[in-house]
Ligand code: ZN
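Residue numbers (the numbering used here): 1 to 200.
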């Protein structure tokens, strides 16, 4: 199983980090070992002083007759060591240390199928300590899911069980020990996670 992630897929978020609107999707990967167990907690890593929350729509795939088909949607967190990423970006190095570390991905289960997949707008939001810090919907994506699938598959086959993180809307920011992060998808609370400091 692989976790495929898309960067800079919402215009307002690309701008808030000083990035240009991309002409084609930005792709990176997280390993399965990045996943946080259901219910958390989020454990901050010791190598960074600036872990940012990025809430994203996450799609799950099934490969049917040679085609990658979406069979579920949920929300997840693409946790990012922004200080480390900034350094890597400046040096032109790959992002894995900032994006693929243990505990850098949360995927709220269960996935939703059926009506949730055919909703015109899959709306979602993130609350940090009770305040809405990020909100968006799939209609705001620069590249929609169909375009992303086609683009990703020019480079790598999407297999059954693979996940696609589709980018985050504006409002990313740091999290700290003691924080509570709640994720809402289509008016349903999908996660409620506590943030803890690094293991001593
Ligand atoms: Zn992201």
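Just so it is clear, CB atoms sit at the ideal spot from N, CA and C, and this is done for glycine as well.
It should be emphasised that the depicted structure is a prediction, and the values quoted were computed from it without experimental measurement.
**Item:** beta strand (DSSP E) segments (min. 3 residues) lying fully within the stretch 126–180
**Value:** 131–137, 163–165
**Request:** With a 10 Å radius around its C-beta and 16 neighbouring C-beta atoms as the bar for buried, classify residue 46 as buried or exposed.
**Result:** With fewer than 16 other Cβ atoms inside 10 Å of its own Cβ, residue 46 counts as exposed.
**Request:** Using the Cα positions of residue 64 and residue 92, report the straight-line distance between them to the nearest angstrom.
**Result:** 38 angstroms
**Item:** residue 117: first and last residue of the uninterrupted alpha helix (DSSP H) it sits in
**Value:** 115–118
**Asked** Using a Cβ-Cβ cut-off of 8 angstroms (strictly less than) and excluding sequence neighbours within five positions of residue 105, which residues of its own chain qualify?
**Response** 3, 30, 34, 35, 36, 76, 77, 78, 79, 165
**Message:** Mapping the DSSP letters down to three states, classify residue 11 as helix, strand or coil.
**Reply:** helix
**Contact the stretch 174–191 vs the stretch 10–28: 3+ CB pairs below 8 angstroms** = no
**Asked** Heavy atom of the ligand ZN less than 6 angstroms from the Cβ of residue 78, yes or no?
**Response** yes
**Message:** On the DSSP letters alone, give me the boundaries of the alpha helix (DSSP H) that residue 98 sits inside.
**Reply:** 96–99
**Item:** Which residues DSSP lists as bridging residue 183, in chain order
**Value:** 126, 191
**Request:** Give the single residue among 189, 142, 51, 74 whose Cα lies nearest to the Cα of residue 102.
**Result:** 51
**Asked** Say the cut is 6 angstroms; is the CB of residue 74 nearer than that to a heavy atom of the ligand ZN?
**Response** no
**Message:** Can you tell me whether residue 79 is helix, strand or coil according to DSSP?
**Reply:** coil
**Message:** Excluding the 5 residues flanking residue 44 on each side, which residues of the same chain have their C-beta closer than 6 angstroms to its C-beta?
**Reply:** 51, 197, 198
**Message:** Checking the sheet assignment: what are the DSSP bridge partners for residue 72?
**Reply:** 60
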